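Asks: Note that the sequence shown covers residues 190 to 338 in the numbering used here. Right, I'll just put the structure down here and ask away after.
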Amino acid sequence: MADESENHGSLPTAANDVADDLVALMSRDLVFVMRFLGESQNLLQGHFQRFILGELSLAEITPETHPMIHAFAERHAILLRDFVFSGVSLSKQLRVEEVERLTNDPMIRVDVWDQLRSHIDMAKQQFRKQLPDFPAALEAWKAPGGTAQ
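And the structure:
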């Protein structure tokens, strides 16, 4: 049985294994969703910002009575915009088979597998870079009295 230090060097294989497992589930678990970007986000956010300011003014909350109301309206408009776009995105999802058929690209699964493997490795490398900072952060997670049970 390999000890932890020997296993540490074989992590790319572990990333390949979990990427393989994820690709095996792709037909069931992977969906492609719509995403609105750019001007569409700005347009809907502006709509909600005007709506919020209008509704607040009906309640006699105006820039004269509340000088920071525009920041409030902007923040809440972003929340409403994201709610709408998330709901729309979730309402139409395409399975990997449908995307392969629509794009006539049989390499989608290979591309996704490669990206999964690469991002898994990057996530592990990022964790390792942060590891020296963790002992202080983990103090709150120690058992009471600082001893292991």
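We put the CB at the ideal spot given by N, CA and C, even for glycine. Just so you know, these numbers come straight off a predicted model, no measurement behind them.
1) Would you say Gln230 and Arg270 are within 8 Å of each other, going by their C-beta atoms?
2) For my contact list, Ser307 and Met223 are in at a C-beta cut-off of 8 Å; report their separation, rounded to the angstrom.
3) Could you tell me the distance, in whole angstroms, from the CA atom of Ser199 to the CA atom of Asp310?
4) Take the Cβ of Gln238 as the centre, count every other Cβ of all protein chains shown within 10 Å, and call the residue buried at 16 or more, exposed below.
5) For Leu242 and Ala248, what's the separation of their Cα atoms in angstroms?
6) Do Ile258 and Ile267 have their C-beta atoms closer together than 8 Å?
7) Please report the Cβ distance between Val212 and Trp302, rounded to the nearest whole angstrom; I am assuming they are in contact, meaning their Cβ atoms lie under 8 Å.
8) Cα-Cα, which of Glu287, Gly235, Pro252, Lys318 is closest to Glu263?
9) At what residues does the alpha helix (DSSP H) containing Phe261 begin and finish?
Replies: Inspection of the coordinates gives the following:
1) Closer than 8 Å, so yes.
2) Actually they are not in contact, since the Cβ atoms of Ser307 and Met223 sit about 25 Å apart, beyond 8 Å.
3) For Ser199, the predicted structure reports a pLDDT of 45, less than 50, and the residue's modelled location is therefore unreliable. The matter cannot be settled from this model.
4) Label assigned to Gln238: buried.
5) So the alpha carbons of these two residues sit roughly 10 Å apart.
6) Not closer than 8 Å, so no.
7) Sure, about 5 Å apart at Cβ, within 8 Å.
8) The residue with the shortest Cα to Cα distance from Glu263 is Gly235.
9) Judged by DSSP secondary structure, Phe261 falls within the alpha helix (DSSP H) whose first and last residues are 258–280.
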